[in-house]
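Everything on this sheet refers to the single structure shown next.
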Amino acid sequence: MPVPAHLEFFIDPSRCIGCQACVHACTECDTHRGDSMIHLEYVDRAQSVQTVPVVCMHCEQPTCAEVCPADAIKRTADGVVQSARKPRCIACGNCVVACPFGVPEVKIDRQIMMKCDMCYDRTSVGKKPMCATVCPSQALFFGTREQMLAMRPQSMPTNQFRFGGQTITTRVNVMVPRTPARPPIVDVTAAMEDQATNRTVRLKVFSAEEADPFAAVEV
Amino acid sequence: MATIPSDPLTTIRAFGPHLSAGTRGTSSDQPDRLVKTHCCFCGQQCGIQLKVKDNEVVGFEPWEEFPFNRGMLCPKGVKRYLQGSHPDRLVSALRRDPDATGGFRQIPYAEAIETSAREILRIQQQHGPGAVGLLGGASLTTEKTYLLGKFARVCLKTPFIDYNGRLCMVSAGAANKKAFGIDRTTNPWSDMVGTDVIWVAGSNVAECSPITTNYIWQARELGAKVIVQDPRITPVARTCDLYLPVKPGRDAALFAGVLNMMIQKDWIDREFIGAHTVGFDSVVEYCSAWTPARTAEVTGVPERSLHAAAELWGTAKSSFLFHARGIEHHSNGVQNALGTINLVLASGRIGRPKSGYGTIVGQANGQGGREHGQKCDQLPGWRDISNPDHRKYIASVWGIDEAEIPGPGVDAYEMFRKIDKGEIKALIAICFNPKVSLPDNQFITRALDKLEHFVVIDFFLNDTAHHADIVLPGSLQEEDEGTVTQVEGRVIKINKAVDCPGDARQDWIVIQDLARALGRPKGFTFDSPRAIFEELRIASKGGVADYSGITYEKIDRQMGVFWPCYSEDPKTGQPTPDHEGTPRLFEPDSYNPVAKGAGRFYFSDGKARFNVAEYRAPVDDASEEFPLFLTTGRVVSQFLSGTQTRRIGPLVNQYPEPRIELHPRLAAKLGLVDGQWATCETRRGAITLRAMVVTTIRPDTIFIPYHWPGDKSANRLTVAAQDPISKIPQYKVCGCRLRKAEGPPEYAARLEPQQ
Numbered sequence: 001m002p003v004p005a006h007l008e009f010f011i012d013p014s015r016c017i018g019c020q021a022c023v024h025a026c027t028e029c030d031t032h033r034g035d036s037m038i039h040l041e042y043v044d045r046a047q048s049v050q051t052v053p054v055v056c057m058h059c060e061q062p063t064c065a066e067v068c069p070a071d072a073i074k075r076t077a078d079g080v081v082q083s084a085r086k087p088r089c090i091a092c093g094n095c096v097v098a099c100p101f102g103v104p105e106v107k108i109d110r111q112i113m114m115k116c117d118m119c120y121d122r123t124s125v126g127k128k129p130m131c132a133t134v135c136p137s138q139a140l141f142f143g144t145r146e147q148m149l150a151m152r153p154q155s156m157p158t159n160q161f162r163f164g165g166q167t168i169t170t171r172v173n174v175m176v177p178r179t180p181a182r183p184p185i186v187d188v189t190a191a192m193e194d195q196a197t198n199r200t201v202r203l204k205v206f207s208a209e210e211a212d213p214f215a216a217v218e219v
Numbered sequence: 001m002a003t004i005p006s007d008p009l010t011t012i013r014a015f016g017p018h019l020s021a022g023t024r025g026t027s028s029d030q031p032d033r034l035v036k037t038h039c040c041f042c043g044q045q046c047g048i049q050l051k052v053k054d055n056e057v058v059g060f061e062p063w064e065e066f067p068f069n070r071g072m073l074c075p076k077g078v079k080r081y082l083q084g085s086h087p088d089r090l091v092s093a094l095r096r097d098p099d100a101t102g103g104f105r106q107i108p109y110a111e112a113i114e115t116s117a118r119e120i121l122r123i124q125q126q127h128g129p130g131a132v133g134l135l136g137g138a139s140l141t142t143e144k145t146y147l148l149g150k151f152a153r154v155c156l157k158t159p160f161i162d163y164n165g166r167l168c169m170v171s172a173g174a175a176n177k178k179a180f181g182i183d184r185t186t187n188p189w190s191d192m193v194g195t196d197v198i199w200v201a202g203s204n205v206a207e208c209s210p211i212t213t214n215y216i217w218q219a220r221e222l223g224a225k226v227i228v229q230d231p232r233i234t235p236v237a238r239t240c241d242l243y244l245p246v247k248p249g250r251d252a253a254l255f256a257g258v259l260n261m262m263i264q265k266d267w268i269d270r271e272f273i274g275a276h277t278v279g280f281d282s283v284v285e286y287c288s289a290w291t292p293a294r295t296a297e298v299t300g301v302p303e304r305s306l307h308a309a310a311e312l313w314g315t316a317k318s319s320f321l322f323h324a325r326g327i328e329h330h331s332n333g334v335q336n337a338l339g340t341i342n343l344v345l346a347s348g349r350i351g352r353p354k355s356g357y358g359t360i361v362g363q364a365n366g367q368g369g370r371e372h373g374q375k376c377d378q379l380p381g382w383r384d385i386s387n388p389d390h391r392k393y394i395a396s397v398w399g400i401d402e403a404e405i406p407g408p409g410v411d412a413y414e415m416f417r418k419i420d421k422g423e424i425k426a427l428i429a430i431c432f433n434p435k436v437s438l439p440d441n442q443f444i445t446r447a448l449d450k451l452e453h454f455v456v457i458d459f460f461l462n463d464t465a466h467h468a469d470i471v472l473p474g475s476l477q478e479e480d481e482g483t484v485t486q487v488e489g490r491v492i493k494i495n496k497a498v499d500c501p502g503d504a505r506q507d508w509i510v511i512q513d514l515a516r517a518l519g520r521p522k523g524f525t526f527d528s529p530r531a532i533f534e535e536l537r538i539a540s541k542g543g544v545a546d547y548s549g550i551t552y553e554k555i556d557r558q559m560g561v562f563w564p565c566y567s568e569d570p571k572t573g574q575p576t577p578d579h580e581g582t583p584r585l586f587e588p589d590s591y592n593p594v595a596k597g598a599g600r601f602y603f604s605d606g607k608a609r610f611n612v613a614e615y616r617a618p619v620d621d622a623s624e625e626f627p628l629f630l631t632t633g634r635v636v637s638q639f640l641s642g643t644q645t646r647r648i649g650p651l652v653n654q655y656p657e658p659r660i661e662l663h664p665r666l667a668a669k670l671g672l673v674d675g676q677w678a679t680c681e682t683r684r685g686a687i688t689l690r691a692m693v694v695t696t697i698r699p700d701t702i703f704i705p706y707h708w709p710g711d712k713s714a715n716r717l718t719v720a721a722q723d724p725i726s727k728i729p730q731y732k733v734c735g736c737r738l739r740k741a742e743g744p745p746e747y748a749a750r751l752e753p754q755q
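First to last, the protein sequences are chains Y and V.
Just so you know, my numbering puts 52 at position 52 of the first sequence, and the rest follows in order with no gaps.
Just so you know, my numbering puts 430 at position 430 of the second sequence, and the rest follows in order with no gaps.
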């Protein structure tokens, strides 16, 4: 049974708490037991607790498949880009290099590319993907567009991404704030100052001109 | 004789913590059955289905119908199943033996029970019943906690029982008792969605109660403003509307300052205050001294943010405030919690949909475990062991004379002081690992060494059990059934998935076997957790925590029952077999058996109490000698003292060892770089860990998670100062100093990360 067209995957990075429930849940899958197909990274832990989860975006025209010399990557009619087919995959890594989202990985020990297949074993029998089911902040959500729009009025789904000259349309959506997002709080010292400081992400916290409120603190 | 029997390293090599595999089972495994139950870890108690094959838990399946978490789980919940069939699982009783590998030798279960009973009887004959102490825990089912309270008072006849909730929930509990006359979160979590403002006071929700994150963020999605008060930018603080970077230990001052601003601006509900509360005037007087400037100076939160908090909270139409260990783990913990309650009562926003107050419990049964008698001053049904009527009623349920029930004991930490003084000579411990979890834990180690007899009931050889004379193999959560009460006050059912392996027994059987061997089996002949629950229903009847209308069947049918749930209508006395429980407290038309119609709150006049919530500086505050604040807490992949989670491979790999979080400004001053070894020192001791340099913590504060033992233990540093009312330890602040270490610590080459 195909994955029903009205059920979509949504990623909302602003909700991600970096707990790795999705990563651990992914390792429980019967088809790639012990390996997670999700990439969950801190953007820059020194500066922020922001993390971003990335699953396969399931492109309409998958670059990974286009560059595959062995024709090992197939997109099924329901829009799911399947993991490499074992008899064909030569583990060359073209797909790893080409994917604009950085999703596929070549497992050297098994000589095969593996990636997220949207839990095909679950979604093709009417269940939700494991990661989106367990995600405690629902940064990963699987359901209908109507549900999502009703639940998340502050943001909207997008599934078009531009990389240089390439525009990619995906089956997976990313939630984007409807109004420009308030910059997140990234450095405690900004919240400690009497005057509200410009809340932009400052890559350097040691600005020479800036008065250091802790200059007098003996440590 | 409770000194450790051999080199600790040999004990660790023999008994762990070793790591589980990453997963279990294969794709060809078809489970025999799925068991609907709950996670064994935190107080959220997420519904989960365990996959069982051949008496082994081989995986999990989300339980999407359970209303609280609807399938959601944190990493601990996902991998919790790996604690079963673990190589470290204790499958037989152990006896201390310095000549045996690892310091313990296996002995028959019956011999272990008889040995312990003999020692306990000997010590009680020589020194009196109070020479034996009992430590319980809030990860046990309510049936077990009830049985432990009864076992201490009726069988051991000792006043000395307490539990690890002393480290956890007691500040909230004491404050709730003083302000509301009942100790429970007031509203179901679903009430958060649709509220105007949510104030998170000292709770790293994303890591300690991850499922709550979705509730907060769903509320935010619908327009709620979120205020977060924390010395660290936690994942929930990152995107909040107002972040209050409070200096550790200054929470009561912050609440007083904000309430003062609300009073000045008349952002308070005078009608509600007049009709439903007493004591506001003295709170107004106390708060008036907390001017914005003084509050800002003491708390480290700028005036502009204090004003913003007062305005957001003061002008909201609906609101939800909750707090956790961040404000409770203080020698001023009860005052801090009362400070939040004052903000809630002054707003008048309680006892209605979308407006409430809650305390986030830390452990699976953090709520139920504090209600039915394993606390030193408590009898079942949230009754008071010093109240003659309460004693009389419980004595009648237990079939003993009221005079036979001992008086109040002392808190868990004080029990160790009594052990140190030689007053308590034998200790029975279950579900408690004080050598890791209590502050100033080198003192705990010295006290343990002095015990004449120490019995531990556990499923793994926890760090404290290294001192045991006898270890009795107990049960994992999935090997037994029973109820727990989760964060919302919802009583839920833990269901048995597998049998205990080897000689291991369900904990309630072990306790009853001890009672029988002690020659006092009367009252300890239950044949099932259900039978214990049936007695607990009667024992709790008429108490504030009234469970009399709850049955296992009703829990199944309703997917949980919020207490109080009455078997008889408290107003009319008519039987109410269909009473559905009480999801929301203090509603306008509600009737409770304490106020008897006089009002909504659980006092005879029906009115809530404002309490002056006084700020006191922390004990062992930052000083010239120890200029930084040390604060401690959890990481998402570990739980409590790590007895379980330091054995689950994927969770260990996620965050293998503790690190010291510090701000780059502080790092620059100390010449420290991310990843370098740093030594943190307090008046109690010093430990050396790697530095983690992040802008997400106050520059005057460092953070260390507490889940590890020995040379990695944050509680080697923490201070054993306690709140005078709740006796909770002050884990969240003490003075410390930090320096670059000369090199790696000695343990680095010797121990695996989880050990």
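Glycine residues also receive a C-beta, built at the ideal position from the N, C-alpha and C atoms.
Cutoff 8 Å: residue i Cβ touching any chain V Cβ
i, result
"Y:H6", "no"
"Y:I17", "yes"
"Y:V188", "yes"
"Y:T179", "no"
"Y:E60", "no"
"Y:T27", "yes"
"Y:N198", "Because Y:N198 carries a pLDDT of 48, less than 50, the predicted location of this residue cannot be relied on, and no value is offered for it."
"Y:I11", "no"
"Y:M1", "no"
Beta-bridge partners of residue i, as assigned by DSSP
i, result
"V:V456", "V:A429 and V:V471"
"V:C734", "V:L630"
"V:D740", "The question names Asp, but residue 740 of chain V is Lys in the sequence shown. Bridge partners of V:K740: V:A678."
"V:A608", "V:T277"
"V:V226", "V:I198"
"V:A93", "V:I107"
"V:T37", "V:I48"
"Y:V81", "Y:R75"
Start and end residues, beta strand (DSSP E) containing residue i
i, result
"Y:S155", "S155 to F163"
"V:M415", "V:M415 -> not in any beta strand (DSSP E); alpha helix (DSSP H) instead, spanning A412 to D420."
"V:A686", "A686 to V693"
Proximity test, Cβ basis, 8 Å: residue i and chain Y
i, result
"V:G671", "no"
"V:A764", "Limits of chain V in this structure are 1 at one end and 755 at the other, which puts residue 764 of chain V out of reach."
"V:L73", "yes"
"V:R238", "yes"
"V:Q654", "yes"
"V:H707", "no"
"V:S85", "no"
"V:P650", "yes"
"V:H663", "yes"
The ligand ADP heavy atom lying under 7 Å from the CB of residue i
i, result
"V:L536", "The ligand ADP is not part of this structure, which contains no ligands at all."
Limits of the alpha helix (DSSP H) - the one that residue i falls within
i, result
"V:R325", "R325 to E328"
Cβ of residue i within 8 Å of any chain A Cβ
i, result
"V:W677", "Here the protein chains are Y and V, and chain A is not one of them."
Worksheet item: Which residues, in chain order, does the stretch 130 to 152 of chain Y contribute to contact with chain V at a C-beta distance below 7 Å?
Response: The stretch 130 to 152 of chain Y vs chain V, Cβ under 7 Å: T133, V134, C135, P136, S137, Q138, M151 and R152.
Worksheet item: If contact means a Cβ-Cβ distance below 9 Å, which residues of the stretch 41 to 55 of chain Y contact chain V?
Response: Look at the stretch 41 to 55 of chain Y: the residues with a C-beta under 9 Å from a C-beta of chain V are R45, A46, Q47, S48, V49, Q50 and T51.
Item to complete: Using a Cβ-Cβ cut-off of less than 9 Å, list which residues of the stretch 156 to 169 of chain V approach chain Y; keep chain order.
Response: Here the close residues number zero.
Worksheet entry | Short-range partners of chain Y found in the stretch 688 to 704 of chain V, where Cβ spacing is below 7 Å | For the stretch 688 to 704 of chain V, the residues whose beta carbon sits under 7 Å from a beta carbon of chain Y are, in order, V693, V694, T695, T696, I697, R698, P699 and D700.
Worksheet item: With contact counted as at least three CB pairs below 8 Å, one residue from each stretch, are the stretch 38 to 46 of chain Y and the stretch 68 to 80 of chain Y in contact?
Response: Judged by pairs of C-beta atoms under 8 Å, the stretch 38 to 46 of chain Y does not touch the stretch 68 to 80 of chain Y, as fewer than three such pairs exist.
Worksheet item: Okay, do the stretch 93 to 102 of chain V and the stretch 487 to 500 of chain V touch, 3+ Cβ pairs below 8 Å being the bar?
Response: Judged by Cβ distances under 8 Å, the stretch 93 to 102 of chain V makes no contact with the stretch 487 to 500 of chain V, as fewer than three pairs qualify.
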